Structures are given as structure tokens and as C-alpha cells.
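First comes the structure, then the notes that go with it.
There are 2 protein chains.
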Amino acid sequence: TGSEEKSPGCFSIDFTVAVVLPAGGSGERTGLSTPKQFCTFLNRPLISYTIQAFERIAWIENIVVVIAKDSIDLMVNIIQQFGHKKVKVVLGGSTRHRSIFNGLQAFGESEEESALKKPKVVIIHDAVRPFVEEDFLLKIAIAAKQQGASGAIRPLVSTVIATTSEGYLDHSLERAKYRASEMPQGFLYDVIHQAYVQCSETDFEFGTECLHLVLQYCGTNARLIEGPHTLWKVTYKKDLLAAESIIKETLAQTACVVAGQCEESSRLAGALQKTLGSQDMHVDIVPTSLRRSSAFISKTWNFVHVTVNTAGLADVEELVKTFEETAHSVLYSVVLILVHLDVSEQTSASERMAALGGIRSLAAEAKRKNILLYGILLNPVKDAGQWEEAVENLSQIISALIKERSPALAGQLLWV
Amino acid sequence: TGSEEKSPGCFSIDFTVAVVLPAGGSGERTGLSTPKQFCTFLNRPLISYTIQAFERIAWIENIVVVIAKDSIDLMVNIIQQFGHKKVKVVLGGSTRHRSIFNGLQAFGESEEESALKKPKVVIIHDAVRPFVEEDFLLKIAIAAKQQGASGAIRPLVSTVIATTSEGYLDHSLERAKYRASEMPQGFLYDVIHQAYVQCSETDFEFGTECLHLVLQYCGTNARLIEGPHTLWKVTYKKDLLAAESIIKETLAQTACVVAGQCEESSRLAGALQKTLGSQDMHVDIVPTSLRRSSAFISKTWNFVHVTVNTAGLADVEELVKTFEETAHSVLYSVVLILVHLDVSEQTSASERMAALGGIRSLAAEAKRKNILLYGILLNPVKDAGQWEEAVENLSQIISALIKERSPALAGQLLWV
Ligand SMILES: [Mg+2]
Ligand SMILES: [Mg+2]
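If you read the protein sequences in the order shown, they are chains A and B.
Residue numbering for the first sequence follows the numbering used here, starting at 1 and increasing by one per position.
Residue numbering for the second sequence follows the numbering used here, starting at 1001 and increasing by one per position.
So this is what it looks like as C-alpha cells:
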């Protein structure tokens, strides 16, 4: 089961890997009152996105999250609310290094029953770098296994200069010779553990680099690997805004159009697939009979339900129930758009509207489950030119609703 | 005129200041086909936002934009479309330093009639750092006047490490002793000009820092000033997304509610001011009679027009015309929301809707002028509890429309 979700990477790892996420920092630099790892966008705290990035990788066995005392309850709630399964929470120390060491102690040697199995390799990452991907983690893990230690580096984005004590330019560094040291870093568990056992109080207090500690205390010289720019760190408010936009954009890359077998349904579904496709949205068309199949549901968080003549509210209600049963809206909101095409000549505009009047109460209920329901009424068109224009406008509205995921507009009935 | 827009800063500058914006770079790092300074968000290229950041400052006289040959036409169109007044376009060179020197040559000594007056101080900035603010530019300009040169610095965000040629860790720098050199930088015009006149071909080809050239060739040691993090540079796609979100958030900080004198209008306007205010939106209430006053219009890009019983489409049409006449939607889209409250007992829901039917064609026309018109119908409520809930829902919808500025949803009639 789930084999299609496994990347090729999982077949080349024949050793155990665990993760330590030190997340005890305060939120000084964001200009926000909440520590940044707990800042929320799209109804979910940043740290949950980072945990998810590791949790979905088959070859990662455990994720130890190291948390300041004041935030333990918050963290436990987050794990429960978002259904994280591989996470263990450990109490942080007074510095970053003490926190990482506490995280490492959660594994292995200890006699406690709650101790996790000691991994061959441990990856250390920042809770505020949510976009780390499997292929790069694989490189870090394999290099750590081979060399004892590994770390992500990036080219310098600015010229680095030394300043005089009076605030004047002293000299600047030759940019090509230096790199920025980033996260993730990987270590043989025994190596990084030994380094912490042996290192001094000064290291615990003021040291900045785990890579240094393993060099100094274990003679292990880290392999440095250039990482992708997606390793960037959420530091300021603008970074939270960027993270939100990236998640929204990623979610908007796919949609599922549920349509009946009749000619009008098929025609509209096909037209939507084409126009949305030209806006870089991959659209699958699913027959009404298969709409509750988990194979389709698990692939996207956006659904367009096309109905012709009959309002289809009962069908939509059933879909909402399915999303609930499959916990599909736990990690991301689900956008569900009911597109109603009335081709019966005799119905008036207000009758068409009345048919969908029930959408508001349904939407209110769905919203409580993180499902955003919108209705769009497609007026009958006379000729091919009008049809094309209507499909174009409809696609733009669907695309806007999917990209914006606005809870405030849920329950609205829009017109094309 | 316009004295309220002048900051205190403009009174302490008693010398001339001009700006050079080298913008000849290619877009390699964004992963986009367009060079990043020309990437568009909210219908406007990044470089226009940066130009605007300087143009609005009274004590900045000229902005020389240095552009690669292939982009000159594009740049001239941008200047015309967005009404930039202080800009001169200059042809770029083969490297960043040659481009800056070309920009400097646009001033002064030359015999050409088109030459700009030579400024005392020239500020050099990146076209891809749009959020630079007046107070910091003032510090840079004054320090440049006093010391001959000045530059923005920032703390390092990552540990900087030296790598061995085999890709292993060599050593890491003591972070506290170093800074990142950023933009803007300021120079006495004569100093930076001299430095370029004297510097070598190698400097033109490979040099990275203007600060170095003035030190080496003019003995001018730059004053380094810590800048705000808002000086960040748009480099990747995520940065464009962040820039768009920041502009949207900034635009959503204010709104103007236009309301009549009747009890219902005043009550609704007051309630909106309170609820939107609690979401950090500063709301001014403007009587219908003053709605075309430029004092109100110039303060915001968001307008909520409250009407009671009469549909108010003619009033809205007049407002659209006013925005057009004052060119108010040139730099940013204007959001105009018509809120219709029908308290006459006898009107049916469909009659209320019909009264606003004309909003679609009006919205289509307004959209061509970058004005986004939306309608919201407020159903009559029975008691105080319902009223509070309705106002809360209305505020959330207004807030979502203002924050999202979605062209696709313009012309829609929403319900509360
Ligand atoms: Mg470290
Ligand atoms: Mg420079």
C-alpha cells in the first residue's frame, strides 16, 4: 500500500535515520509575539509543515522535537490536531546546543522504556525551514553515513565585509572562497553524541556549529553539499507571507473535476480541464460514480463538482462526509466548488438561485471541518462564442477560489 | 501643497541627491524567464515599485535607471504606463560596474542638452530592493555627504564557512566580526565618479564593491550603517510572492467608508469602522457629499459605499469616474465595494438582487481601469444578535475582498 508515494530514494537507504528538530527559540526577529516556529498560516503552525516534510518520508523513523518548557502543551496539541505520528517531544535546554543534546538523549542507551531506538544516522534541521525535500535529505543522510558528518551549504547572497570598531569598512572577503552554512546537517549518531559528551561548557554555551564540534572532538571532517534555495529559513514576517503563498501555489497545482455522464457535464468538464490546464493546473476528470474513491481524493485538495439541471446539493453533502471520514482536510483546507449548469429553458434566474439556496447552511457546516464550499451558477448560453467566454470566466473564478482559499467567501453563490 | 506628505527628513537635506539604479541583470536565479526587475505582481513590474520608493521622496531629484539594450523599450513603456516623472533611462554596460558608470555619466560635465544637473550626492541602489524607506535613505545621504561614502550593512544570517577544494569544512568565521554588505550605498558624486575614471579594466570586469573602489582610488573610507531587514532583495520566486503579499497587506491597512446621513447608513458605517478597526484596518467615514474630495480619495485604495434602499449604482459610477480623472488606479488597483442594505419590508430577495443587476456591466468597465467593483447585499435582520452577526460576516467579506484584490471576482454580488 502507498507504494506510489514512495520515492526512488527509499530503496537506497539500508540504515536507520532519525531527525532532531531544535525548536526552542524565541520569536524576536519576526517582529511577532509568537516564536516563529509556532506562527500560523492557513490555520496551521509552521512547525507542523516542517514535521510533515519529514513524516511523509518512508525511511525516516522518528522525529524528536525539542521544545521550551512553556511551549510543551502547545506542541502536544499541535501533534494531536494535525495527526503527526512519528514525533516525540523532548524538553529543551538553555542554549541551542543543550537542546540538540537533549534531543539526542531521547535515543538509545537510556534504560527508560520510552527511549527510541538509536538510529545509525541523525539529521539535525531547523523547525523554521519547512521546504526541505526528500532528495536532498537523502544526500545528507548518505554522506553522513559515509563521512560521519555532512551539512548543507549555499553560495553567499551578499558580499561579506569586516568592519572596524568605529563602523568603517575594513576589508571584504573574496566571495568565491566562502559559503553560508545552512541546515539540514547529518551525523553518525555515535559521532555527534560523542562530540556532545566530550565538549566543554563553553561549547554548550557559545558554540554555533555542530560541524565544528564533531571536527574538534571526533576528528570528523564534514562533507559539505550545496543545497537548493528552498532550504531558506523563515525569519521575518515577509518569510511567513512567502511560505503561505508557496503552500497556496503548490495546493493550486491540481484539481479534480467530478462530472456526470451526460453530454453537457462531459463537455463542461472537458472545457475546464483544458482552460485550467493552460493556467498550469493539472485537472483529473472523475465520473460521479467514483467520486468517493480514495485514489482520486488523496491526489488533490481541490474539487469542482459539475451538476446539470439538478442542484446536486445531496452529492456535495456526501463528498463533504467523505472528506471528513478520510480526514482529508486535517493538513490543508479542502476547496469544494459546486458548478451548476441549468440548460432547461423554462427555469428563471431566481428559480436557479433558489435551487442552490441550501448551499449556505451546508457551507457553514463544512467550514467547521476545514472544507470551503462555494457555488457557481452558470447561466445558459446561446452560441459557441458565449460558451467560450463563459468557460473562460468560470475558469478564472474557479482558479481564484482555489488559489485564495478564502474562508470568508465560503457559502457564496457566484455567477457566470 | 502636499506638505503633509513631506517627512521631517526633507528639511534637513540642503544638498542635491540623485539615484542610480543599475537594472541590467538577467533573471537566472528566480527560475523565471523574465529578468526579475521586470517580473510583475499586482499588474506592475517590480522595478516600478522601486522607482516609486524614490520618486515619492521630495529631496530626490533624479533617478537614472540603467537598462540592457533589449529592455529599453519595455522600460520606456513602464515609465509611461505608471506615470513616473523623475526617471531617465540610460543604456547599460557589459558588467555591473560599467552600468553604474554609464548611469553616473548621465549627470553633469557632458555638453549634451539632455544631461542632468550633477548632484552633490548620488545613491546607488538595486532595482530589486523595493522596500527601501525615506528615513534610511536620509541616513545614507547624510553620511555620504559627510564621509564621502556610506553603505548599508546587515548582520549575517548564516554562519560563513571556508571550504576546502575537496568540499570539506575548512574553518568558520567568527560571525560577530563580519557583516553583509547590502544596498543602498551613497557617495559624493565627485568621489564615485573619480573612482570610476581611475579604476582598471579588471575592476570594471570583476570588482564587486563600489565601496572598495572609492577606498582604493580616492582614499575614501565608507561609513557603514546597519539597515532594516526591509532592505531585502528579491532573488527567487518566493521573494516575488512575499513582495506581493507585503504590498497587499500594506494596501489593506486603510479603507474609506462612504455613507449617507440616514440613521441606517450611519449605524452600519460606524459598525464597520469598529469591526474592521479591530482587524487592524484604519477606516475613515466620509459623507456621501464629500466622496469625490481628493483629500479622502488620496488616502486609501479601498472604498466601501454604503447604500440604503436605493441601489446607488449611479453614485458608484460617479466614484469610478472620479478615480479615473484623478488617475487613482494607476499605481495600485482600487477596490470599490457597494454594500446595499434594504430595510423596506416589502422588497423580495429577487427584487433586491435585480436592483443591483447592473453591477456586472459596470464592474466589467471599471476593471479595464484597474478598479475592482464588488457588490454585497445585506439582508434585513430582525434583532440585535442577528445584526451583530451580519456586521461581523460583512466585515469578514469586505476584509477578504480588500486583502485579496481578485480581478476574477469583480462584478460578483455577494450575500450576507
Ligand atoms: Mg549547528
Ligand atoms: Mg557595489
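Note that beta-carbon positions come from the ideal geometry of N, C-alpha and C, so glycine has one too.
In this text, all values refer to a predicted model and were calculated from it rather than measured experimentally.
Of the listed residues the options, nearest to residue i (C-alpha basis)
i, options, result
"valine 20 of chain A", "A:Arg44, A:Leu169, A:Ile192, A:Asp70", "A:Ile192"
"tryptophan 1301 of chain B", "B:Gln1279, B:Glu1249, B:Glu1318", "B:Glu1249"
"leucine 156 of chain A", "B:Ala1149, B:His1212, B:Thr1235", "B:Thr1235"
"threonine 354 of chain A", "A:Val76, A:His340, A:His229, A:Ala364", "Sequence inspection shows alanine at residue 354 of chain A; the threonine mentioned does not correspond to that position. When each option's Cα is compared against that of alanine 354 of chain A, the closest is A:His340."
"proline 22 of chain A", "A:Ile79, A:Gln81, A:Arg129", "A:Arg129"
"lysine 86 of chain A", "A:Val416, A:Leu331, A:Gln147, A:Ile51", "A:Ile51"
"serine 298 of chain A", "A:Glu325, A:Thr307, A:Asn309, A:Leu91", "A:Glu325"
"serine 1071 of chain B", "B:His1084, B:Gly1357, B:Lys1036", "B:Lys1036"
"histidine 1282 of chain B", "B:Ile1225, B:Glu1351, B:Leu1319, B:Ile1402", "B:Ile1402"
"serine 329 of chain A", "A:Leu251, A:Val286, A:Gln146, A:Leu74", "A:Leu251"
"alanine 1366 of chain B", "B:Ala1243, B:Glu1389, B:Glu1318, B:Leu1331", "B:Glu1318"
"serine 344 of chain A", "A:Glu351, A:Asn309, A:Ile398, A:Ile63", "A:Asn309"
"glutamine 1105 of chain B", "B:Asp1315, B:Ala1195, B:Trp1415", "B:Ala1195"
"aspartate 1126 of chain B", "B:Ile1100, B:Ser1094, B:Ala1144, B:Lys1139", "B:Ile1100"
"alanine 1068 of chain B", "B:Arg1098, B:His1084, B:Arg1292, B:Arg1360", "B:Arg1098"
Under 9 Å from the C-beta of residue i: neighbouring residues of chain A
i, result
"leucine 1414 of chain B", "Leu409, Gln412, Leu413, Leu414"
"tryptophan 1232 of chain B", "Tyr236, Lys238"
Per-residue contacts from residue i into chain B (C-beta, under 7 Å)
i, result
"alanine 400 of chain A", "Ser1406, Ala1408, Leu1409"
"arginine 223 of chain A", "Gly1167, Tyr1168"
"isoleucine 397 of chain A", "Ala1408, Leu1409"
Alpha-carbon to alpha-carbon, residue j and residue i
i, j, result
"glutamate 392 of chain A", "glutamine 386 of chain A", "10 Å"
"leucine 417 of chain A", "alanine 311 of chain A", "With chain A running from 1 to 416 in the structure shown, residue 417 of chain A is simply not present."
"threonine 1159 of chain B", "arginine 1096 of chain B", "27 Å"
"glutamate 134 of chain A", "cysteine 262 of chain A", "43 Å"
"aspartate 1190 of chain B", "aspartate 239 of chain A", "39 Å"
"phenylalanine 204 of chain A", "phenylalanine 131 of chain A", "28 Å"
"valine 1335 of chain B", "glycine 1270 of chain B", "20 Å"
"alanine 1255 of chain B", "valine 1304 of chain B", "7 Å"
"glutamate 1182 of chain B", "glycine 1167 of chain B", "27 Å"
"arginine 405 of chain A", "serine 1245 of chain B", "15 Å"
"valine 1381 of chain B", "phenylalanine 323 of chain A", "34 Å"
"asparagine 379 of chain A", "leucine 313 of chain A", "18 Å"
"cysteine 218 of chain A", "alanine 149 of chain A", "10 Å"
"leucine 169 of chain A", "alanine 1327 of chain B", "45 Å"
"serine 278 of chain A", "leucine 394 of chain A", "14 Å"
"leucine 290 of chain A", "phenylalanine 107 of chain A", "45 Å"
"glycine 411 of chain A", "valine 1258 of chain B", "27 Å"
"tyrosine 49 of chain A", "arginine 368 of chain A", "21 Å"
"glutamine 81 of chain A", "phenylalanine 41 of chain A", "15 Å"
"alanine 115 of chain A", "serine 1165 of chain B", "41 Å"
"threonine 1275 of chain B", "alanine 1390 of chain B", "11 Å"
Assigned exposure category for residue i - 16 Cβ within 10 Å defines buried
i, result
"glycine 1031 of chain B", "Any reading at glycine 1031 of chain B must be qualified, since the residue scores a pLDDT of 49, below 50, and its modelled position is unreliable; no value is offered."
"glutamine 1273 of chain B", "buried"
"proline 1119 of chain B", "buried"
"threonine 220 of chain A", "buried"
"leucine 373 of chain A", "buried"
"alanine 1295 of chain B", "exposed"
"leucine 1413 of chain B", "buried"
"arginine 56 of chain A", "exposed"
"threonine 1307 of chain B", "buried"
"serine 26 of chain A", "Note that serine 26 of chain A scores a pLDDT of 48, beneath 50, so its modelled location is shaky and nothing firm can be said."
"lysine 177 of chain A", "exposed"
Proximal chain A residues relative to residue i, where beta-carbon distance stays under 7 Å
i, result
"isoleucine 1142 of chain B", "Those do not exist, as isoleucine 1142 of chain B stays about 14 Å from chain A at its closest Cβ, beyond 7 Å."
"histidine 1229 of chain B", "Tyr236"
Residue i: contacting residues in chain B (beta-carbon distance under 8 Å)
i, result
"serine 245 of chain A", "Lys1238, Leu1241, Ala1242, Glu1244, Ser1245"
"histidine 97 of chain A", "Per Cβ cutoff of 8 Å: no residues; histidine 97 of chain A is ~13 Å from chain B at best."
Proximal residues of chain B, C-beta to C-beta of residue i below 9 Å
i, result
"histidine 125 of chain A", "Result: empty, since nearest Cβ-Cβ is about 14 Å, beyond 9 Å."
Check: residue i C-beta below 7 Å from any heavy atom of ligand 4
i, result
"proline 45 of chain A", "Because ligand 4 does not appear in the structure shown, any question about it cannot be addressed here, the ligands present being ligand 1 and ligand 2."
Minimum Cβ-Cβ distance from residue i to chain C less than 8 Å
i, result
"valine 1306 of chain B", "As a matter of chain content, chain C is missing from the structure shown, whose protein chains are A and B."
Output needed in chain order: residues of the segment 152-172 of chain A with a Cβ under 8 Å from some Cβ in chain B.
Ile153, Arg154, Leu156, Val157, Ser158, Thr159, Val160, Ile161, Ala162, Thr163, Gly167, Tyr168, Leu169, Ser172
Compile a chain-ordered list of the residues in the segment 1190-1221 of chain B whose CB is closer than 8 Å to at least one CB of chain A.
Thr1208, Glu1209, Leu1211, His1212, Leu1215, Asn1221
Which residues, taken in chain order from the segment 1171-1188 of chain B, show a beta carbon closer than 8 Å to some beta carbon of chain A?
Ser1172, Leu1173, Arg1175, Lys1177, Tyr1178, Arg1179, Ala1180, Ser1181, Glu1182
Positions along the segment 297-329 of chain A whose CB lies within less than 9 Å of some CB in chain B:
none
Given a limit of 7 Å on CB to CB distance, which residues of the segment 1334-1363 of chain B reach chain A?
Ser1350
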